[in-house]
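**Student:**
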Amino acid sequence: MSRTRTERLVNLVICLLSTRRFLTAAQIAATVPGYEHDPDDARDHEAFQRKFERDKAELRELGVPLETGTASAFDAEPGYRIAHREYALPDILLEPDEAAAVGIAARLWQHAGLAAAASSGLAKLRAAGVDVDPQATLGLEPMVTVDPAFAPLTAAARDRREVGFDYRVPDRDAPSRRRLQPWGVVCWRGRWYVVGHDQDREATRCFRLSRVVGAVRVTGAPGAYEPPANVDLISHVARWSGPVERTGRATVLAAPGRAAGLRRWAVQVTAGPDGDRLVLPYADPDGLAGHLVGYGPDVRVLDPPEVREAVIQRLKEIAVRHDELAVGGGAR
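Structural data, given as structure tokens:
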């Protein structure tokens, strides 16, 4: 499936999820980017109808519960909507590394053009007098932060280009310079690592992305090396990182009936009038903060201060990235 068609389908889903009323084909064509056409031009309108029929069939094959109907007996033309009750997923328990993988996939999927197109479509619906539910599509626009080194290192591993970066380890005050032929980037226990051949040490090494200081510099030509065949990156990281000891304890306030994943993870749950207090084991504040921000306003950190500050920092980064996307979308 082409990127253009994928974006059109995503925007169609966002459009149909954003209102509980049936939308006619004409309303969808005037709202969803990619369906623009002249309805008075017979050939142009026929091309739109073929495209729309293909997209409806594609959504149904993907399991999207697309309904056809009318809002009232006086409507002459049928409309379409997505059944919220059938489309919503129950709470799913993910391990921290699984949640990180889902989060980064969502972040890589999202880009300024798609976000701007979706916002434009919803604005058109409002202008046409269609009630739009601002909460209906929150799950389709996740915003998960990753380390700044993620994008350049994954690109360098894909293109087989050597890189250089400054790397800080806990027992040293100043970062040291590293030259690496990256083989790939993987997630292990909620953290991201790059694995490759260290040029200075002439050995396989892995580096935690959160410890990369400053910008990653690409220094080699494309296709300059080949990783070992059938290399297991996760095994390298697992041997290097060792077992994680979750000796810390954080107390968070969860909204009633929310954050099911955290509740299963908690070692203690205490009900209260303003929500439930969950005691969560953790290894380091940053790792836990990255997990907690995914629950949005449903969770608030009470203690300790280091976890609360780490969450605040994550949220500030999300706000900055969101503003950058908004500016980029508006400049198009």
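Mature numbering (1 follows the signal peptide of the UniProt record, and there is no 0) puts the sequence shown at residues -25 to -1, 1 to 307.
Yeah, the Cβ is synthetic: ideal placement off N, Cα and C, and Gly gets one too.
(1) Taking only runs that begin and end inside the stretch 233 to 302, name each unbroken alpha helix (DSSP H) of 4 or more residues, in chain order.
(2) On the three-state DSSP scale, how would you describe LEU37?
(3) Whose C-alpha, out of ARG186, VAL227, ARG(-6) and ARG133, is nearest the C-alpha of PRO58?
(4) Let me know the secondary structure DSSP gives HIS12 once reduced to three states.
(5) How about ARG192 and VAL138: are their beta carbons less than 9 Å apart?
(6) If you reduce the DSSP assignment to three classes, tell me which class SER(-8) lands in.
(7) When you compare each of ASP134, LEU(-14) and LEU253 to ARG35 by their alpha carbons, which one comes out closest?
(8) Under a three-way DSSP split, which group does ASP141 fall into?
(9) In three-state terms, what does DSSP make of ARG(-18)?
(10) If you count every other CB in all the chains shown that lies within 10 Å of the CB of ARG29, and 16 or more means buried, which is it?
(11) Does ASP16 pass the burial test, meaning 16 or more other C-beta atoms within 10 Å, or should it be called exposed?
(12) How far does the beta strand (DSSP E) with PHE49 in it extend, from its first residue to its last?
(13) In three-state DSSP terms, what is VAL(-13)?
(14) With three or more beta-carbon pairs closer than 8 Å as the criterion, would you say the stretch 241 to 253 touches the stretch 261 to 269?
(15) Going by Cα to Cα distance, which pick from PHE(-4), PHE23 and ARG18 is closest to PRO8?
(16) Which residue comes first and which comes last in the beta strand (DSSP E) that contains LEU155?
(17) Within 10 angstroms of the Cβ of ALA183, are there 16 or more other Cβ atoms? Answer buried if so, exposed if not.
(18) Measuring CB to CB, does TYR270 end up less than 9 Å from ALA229?
(19) For TRP215 and VAL188, I'd like the C-alpha separation in whole angstroms.
(20) For ARG153, is the classification buried or exposed, using 16 other Cβ atoms within 10 angstroms of its Cβ as the cut-off for buried?
(21) Straight-line CA distance for THR129 to LEU37?
(22) Spatial neighbours of ALA213 within its chain, please: C-beta separation below 7 Å, excluding the five flanking residues on both sides.
(23) Compare the C-alpha of ARG56 against each of PHE49, LEU(-3) and GLY159 and name the closest.
(24) Just mark VAL144 as buried or exposed, buried being the case when its beta carbon has 16 or more other beta carbons within 10 Å.
(25) Could you work out which residue in LYS31, GLY44 and PRO157 is closest to PRO203 when comparing CA atoms only?
(26) What are the boundary residues of the alpha helix (DSSP H) that ASP134 is part of?
(27) From the DSSP output, read off the bridge partner residues of THR43.
**Tutor:** Walking through what the data contain:
(1) 235 to 240 and 260 to 267
(2) Numbered from 1 along the sequence shown, position 62 holds the residue referred to as residue 37. Three-state result, LEU37: coil.
(3) As a first step, residue 58 must be located in the sequence shown, where it is residue number 83. Looking at the sequence shown, residue 58 is not Pro but Ala. Considering only alpha carbons, the answer is ARG(-6).
(4) For this step, residue 12 is matched to residue 37 along the sequence shown. Here HIS12 sits in coil by DSSP.
(5) The residue given as residue 192 occupies position 217 in the sequence shown. The residue given as residue 138 occupies position 163 in the sequence shown. Yes, Cβ-Cβ distance for ARG192 and VAL138 is below 9 Å.
(6) The sequence position of residue -8 within the sequence shown is 18, counting from 1. If DSSP states are grouped into helix, strand and coil, SER(-8) belongs with coil.
(7) Start at 1 with the first residue of the sequence shown, and residue 35 comes out as number 60. ARG35 has its Cα closest to that of LEU(-14), out of ASP134, LEU(-14) and LEU253.
(8) Here residue 141 is taken as the residue at index 166 of the sequence shown, counted from 1. Correct three-state label for ASP141: strand.
(9) Indexing the sequence shown from 1 puts residue -18 at position 8. Three-state DSSP puts ARG(-18) in a helix.
(10) Along the sequence shown, one-based indexing puts residue 29 at 54. With fewer than 16 Cβ atoms within 10 Å of its Cβ, ARG29 is classed as exposed.
(11) As a first step, residue 16 is located in the sequence shown; it is residue number 41 there, counting from the start. Flag for ASP16 reads exposed.
(12) Taking the first residue of the sequence shown as 1, we reach residue 49 at position 74. Looking at the DSSP string, PHE49 is not in any beta strand (DSSP E), and its letter there is neither H nor E.
(13) Taking the sequence shown and counting its residues from 1, the one referred to as residue -13 is at position 13. Helix, per DSSP.
(14) no
(15) What you label residue 8 is simply residue 33 of the sequence shown in a count that begins at 1. Here the closest residue by C-alpha is PHE23.
(16) Residue numbering aside, residue 155 sits at position 180 when the sequence shown is read from its first letter. Unbroken beta strand (DSSP E) run through LEU155: 151 to 163.
(17) If you number the sequence shown from 1, residue 183 lands on position 208. Going by the sequence as given, residue 183 is Arg instead of Ala. Classification for ARG183: buried.
(18) In the sequence shown, counting from the first residue as 1, residue 270 sits at position 295. In the sequence shown, counting from the first residue as 1, residue 229 sits at position 254. In this structure, ALA229 lies closer than 9 Å to TYR270 by Cβ.
(19) By 1-based counting over the sequence shown, the position of residue 215 is 240. By 1-based counting over the sequence shown, the position of residue 188 is 213. Using only the alpha carbons, I get a separation of about 20 Å.
(20) By one-based count along the sequence shown, residue 153 stands at place 178. By the neighbour-count rule (16 or more Cβ atoms within 10 Å), ARG153 is buried.
(21) Taking the first residue of the sequence shown as position 1, residue 129 is located at position 154. Taking the first residue of the sequence shown as position 1, residue 37 is located at position 62. Distance between the alpha carbons of THR129 and LEU37: 29 Å.
(22) Indexing the sequence shown from 1 puts residue 213 at position 238. Result list for ALA213: TRP163, in chain order.
(23) Sequence index remark: in the sequence shown, residue 56 carries index 81 (1-based). It is LEU(-3).
(24) Residue numbering aside, residue 144 sits at position 169 when the sequence shown is read from its first letter. The residue is exposed, with fewer than 16 neighbouring Cβ atoms inside 10 Å.
(25) In the sequence shown, counting from the first residue as 1, residue 203 sits at position 228. It is PRO157 whose Cα lies nearest to the Cα of PRO203.
(26) The count along the sequence shown starts at 1 and reaches residue 134 at position 159. Per DSSP, ASP134 belongs to the alpha helix (DSSP H) from 125 to 134.
(27) Translated into positions along the sequence shown, residue 43 becomes position 68. THR43 pairs with TYR55.
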